[in-house]
Amino acid sequence: MFVGGFATFAMLYGTQPILPLLSSEFAVSPAHASLSVSAGTGALALALIPASVLSDRYGRSRVMNVALTVAAVLALAAAFVGNFDQLLVLRALLGLALAGLPAAAMAWLGEEIEAGAQGRAMGLYIAGNALGGMSGRFLAALLTDFTHWRIALGVLGVLGIAAALAFWRWLPASRHFQPRPATPRRILGDVVAIYRDAGLPWLFLTAFVIMGAFVGLYNYLGFRLHEPPFGLGQSAIGAVFLLYLVGTFASAWAGRLADRIGRHNVLWIMTLVMAAGLALTVSDHLPVLITGVGIFTFGYFATHTAASSWVGKRAGDRRALAAALYLCSYYFGSSVLGTLGGLAWSAGRWPGMVAMLLACTTAALAVALYLRRLGSARG
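Using my numbering, the first residue of the sequence shown is number 827, and each one after it goes up by one.
Listed below in structure tokens is the structure:
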């Protein structure tokens, strides 16, 4: 599952560190260039619920294996596009294909891992997401600086194929999966039950705002670091994504902490950490700015780990659909707020971005404080 999460995020966010270059080469605006990220995340969000239904019907392992294999081929094809529109189409198809893995992953962990270890298991899976996101971004930036962005995307595609083969070989067979009928009546009934839950809709909202803030920050951080007073090159900007190592540690740590003190406590504390990190990024001193990004990244991954594992705990037999709805909100936040961040950047440069992102984290904190009354029990 760590390998699957690694490959998913490496391929999905491979274009993020080269957005300024894509903007220049294809003569498109920063907001338009960010669609190379948002097209994939938006398509993934749309496909999550159908993918979760397929995983309920045909099994988690089968859906995840097919998803990762098809996505790797599409990631490789992106290296050969002739124009920006073709890149957007392939990135959208990549998102559609990748949906099968995150849609089934949370349900697989909920079914196959003993309840007392689910927080740690989810933390390890999300740590794979973090490390994959870091590696994909850093590798794309580094290879672009020394070769060409097409070679960078091609290498990510090859790595995706290797990860798909490893995932196919190593993933244990499901032992506790029970097929559920994929009838519209059953699906609609499950959706209604999920949204009647006292906590799940609020966790979906949390996913929307924290992921939107996270992607918004990293989408436009490269533009800021490329401009005065920093004037960093592509490799140096890519090195900033090494901060994802902080997220890898934060995910595993927060999973263990949630098992001890409760997800409700981890949630509100870590949203405060996100806000504190954002405040530091307004500095024009590079070490202070990087420290702020690191603190924000730590808080984000810890918050996401607590929220996503709480969804699986509350949803019971509907965990696959609940996970899909959580991730649907998560990736819609990435697409919508990640692209709206371009307007904030154009209107107010980095102070405008920080104001928007602080609004997102404030909303997440308000929800987290509200959810404290539910505790970490299922209900």
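All C-beta atoms in this analysis are idealised placements derived from N, C-alpha and C, irrespective of residue type, glycine included.
As the crow flies, the alpha-carbon of Gly831 is around 16 Å from that of Gly936. Counted as a single uninterrupted DSSP element, the alpha helix (DSSP H) harbouring His1090 occupies residues 1089–1106. Per DSSP, Leu847 is one residue of the alpha helix (DSSP H) stretching across 845–851. By the neighbour-count definition (other C-beta atoms within 10 Å, threshold 16), Tyr1196 is an exposed residue. The Cβ atoms of Leu957 and Leu872 lie no closer than 9 Å to each other. With a cutoff of 9 Å on beta-carbon distance, Ala853 and Leu914 are scored as not near each other. Note on the segment 1035–1078: whole alpha helix (DSSP H) runs with a minimum of 4 residues are 1060–1066, in chain order. The alpha-carbon of Leu1029 is positioned some 42 Å away from that of Phe972. Take Ile1116, set aside five residues on each side of it, and the residues of its chain with a beta-carbon closer than 8 Å to its own are Val1066, Leu1069, in chain order. Sequence-distant partners of Ala1190 (beyond 5 residues in either direction) whose C-beta falls short of 6 Å from its own C-beta, in its chain, are Thr1032, Val1035, Ile1036, Thr1097. In this structure, DSSP gives Asn909 a state outside helix and strand, which the three-state scheme calls coil.
With respect to Ser1135, Gly945 sits close: the two C-beta atoms are nearer than 9 Å. Considering only Gln842, Ser862, Pro998, Met827, the residue with the shortest C-alpha distance to Ala929 is Met827. Separation of Thr1188 and Arg888 (C-alpha to C-alpha, rounded to the nearest whole angstrom) is 39 Å. A distance below 7 Å between beta-carbons, with the five flanking residues on each side excluded, links Pro1055 to the following residues of its chain, in chain order: Asp1110. CA-to-CA, the gap between Ile1020 and Leu1153 works out to about 14 Å. A contact is defined here as three or more CB-CB pairs under 8 Å, and the segment 977–986 fails this definition with respect to the segment 1163–1170. Leu1014 sits exposed, since fewer than 16 C-beta atoms from the chains shown fall within 10 Å of its C-beta. Under the DSSP assignment, His1130 falls in the alpha helix (DSSP H) whose first and last residues are 1112–1141. Rounded to the nearest whole angstrom, the C-alpha separation of Ala988 and Gly1103 is 36 Å. Inter-residue distance for Arg1001 and Ala1078 is about 25 Å (C-alpha atoms, whole angstroms).
Going by C-alpha positions, Trp975 is about 19 Å away from Ala897.
Under the 10 Å beta carbon count, Thr1009 is surrounded by fewer than 16 other beta carbons and is classified as exposed. If you look at Ser862, you'll find it in the alpha helix (DSSP H) that goes 861–884. In the structure shown, the three-state DSSP call for Ser1000 is coil. Gly1025 sits in coil when the DSSP states are folded into three classes, being neither helix nor strand. Within the same chain, and ignoring the five residues on either side of Ala1062 in sequence, the residues whose Cβ sits closer than 8 Å to its Cβ are Leu1051. Of the other Cβ atoms in all chains shown, fewer than 16 fall within 10 Å of the Cβ of Gln912; this residue is therefore exposed.
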